[in-house]
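Each protein sequence line maps, in turn, to chains A and B.
Letter 63 of the first sequence, counting from 1, is numbered 63 in the working numbering, and no numbers are missing.
Start counting at 1 in the second sequence, then tack on 1000, and there's your number in the working numbering.
Glycine is no exception: its CB is placed at the ideal position from the N, C-alpha and C atoms.
Because the structure is a prediction, the values reported are computed rather than measured.
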Amino acid sequence: GQQVMQIPQYQHVQEGEDFTTYCNSSTTLSNIQWYKQRPGGHPVFLIQLVKSGEVKKQKRLTFQFGEAKKNSSLHITATQTTDVGTYFCANQNAGNNRKLIWGLGTSLAVNP
Amino acid sequence: NAGVTQTPKFRVLKTGQSMTLLCAQDMNHEYMYWYRQDPGMGLRLIHYSVGEGTTAKGEVPDGYNVSRLKKQNFLLGLESAAPSQTSVYFCASSRDVYEQYFGPGTRLTVT
């Protein structure tokens, strides 16, 4: 079945450095959703990308959807300690059950 | 709105015991999901429901049963708990093609 591969698995950065996580698929994705999970917390929706080549920004976070709709990225500019957590990408099933196919996540640690 | 709530928050079971995890949402969402999360394994779908009275298997359904008798509630049952079911369980709900809203999770330990 369809898989969503997410890299890297872990990333340690110094506060102020940039961070990027990538989500890749061998097949065309209907859409991509990004979630953030703080340590000890639950996943929280960040954004959804639907269109080929789409770019969306939320303050220091930039989300991109590839032209071929087979990859996506989340870039954080000038990381802060509040950015610590695991970032997941997920592809929503195009059928009628609305299941999400999840990447394994990228855990971000930020050293102050 | 409370969003998605889960009870209990923590539970310790002995092997062979049974329990039910309750998920409730007040957003009138049609779709509801049960996930388990284990270190390095991401989120794995156990069962899901596309509406009141419906349930379907996800990728790891063995050892679990579910029921959705009311639209706002989705119950996850463990009939005979095993140590392999030690995990964090999340319930989520969604409205059609939009994002999933997650509950705070239940941390279950089976000894």
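C-alpha distance - residue i paired with residue j, whole-angstrom precision
i: A:Y35; j: A:F88; result: 5 Å
i: A:A68; j: B:R1036; result: 31 Å
i: B:S1094; j: B:Y1031; result: 5 Å
i: B:S1049; j: A:V13; result: 40 Å
i: B:S1084; j: B:L1108; result: 11 Å
i: B:K1071; j: B:T1015; result: 31 Å
i: A:Q58; j: A:W102; result: 22 Å
i: A:F45; j: B:A1092; result: 11 Å
i: A:T28; j: B:L1022; result: 36 Å
i: B:F1090; j: B:N1073; result: 14 Å
Which listed residue (the options) has its alpha carbon closest to that of residue i
i: B:Q1017; options: B:Y1098, B:R1011 and B:S1080; result: B:S1080
i: A:Q64; options: A:Q9, A:E54 and A:P39; result: A:E54
i: A:N91; options: B:L1043, B:V1050, B:L1108 and B:T1109; result: B:L1043
i: A:E15; options: A:L46, A:H42 and A:A78; result: A:A78
i: A:L108; options: A:S30, A:P39, A:L49 and A:K59; result: A:P39
i: A:T62; options: A:H75, A:Q33 and A:N71; result: A:H75
i: A:N71; options: A:S52, A:T82, A:K56 and A:I47; result: A:S52
i: B:L1075; options: B:V1012, B:T1106 and B:D1096; result: B:T1106
Proximity of residue i and residue j at Cβ, strictly below 8 Å
i: A:Q9; j: A:F19; result: no
i: A:Q6; j: A:C23; result: yes
i: B:Y1101; j: B:V1004; result: yes
i: B:T1054; j: B:H1047; result: no
Interface residues of chain A facing residue i [CB-CB closer than 7 Å]
i: B:E1052; result: Here the premise fails: no neighbours, minimum Cβ distance about 15 Å.
Cβ-based burial, residue i [other Cβ within 10 Å; buried from 16]
i: A:V110; result: buried
i: B:E1059; result: exposed
Contact set between residue i and chain B, taken where Cβ atoms lie within less than 7 Å
i: A:Q33; result: E1099
i: A:K99; result: L1045 and Y1048
Proximal residues of chain A, C-beta to C-beta of residue i below 9 Å
i: B:P1104; result: G41 and H42
Chain A residues whose Cβ lies nearer than 8 Å to that of residue i
i: B:G1042; result: F88, W102, G103, L104 and G105
Closer than 8 Å at the beta carbon, the chain B residues around residue i
i: A:Q92; result: V1097
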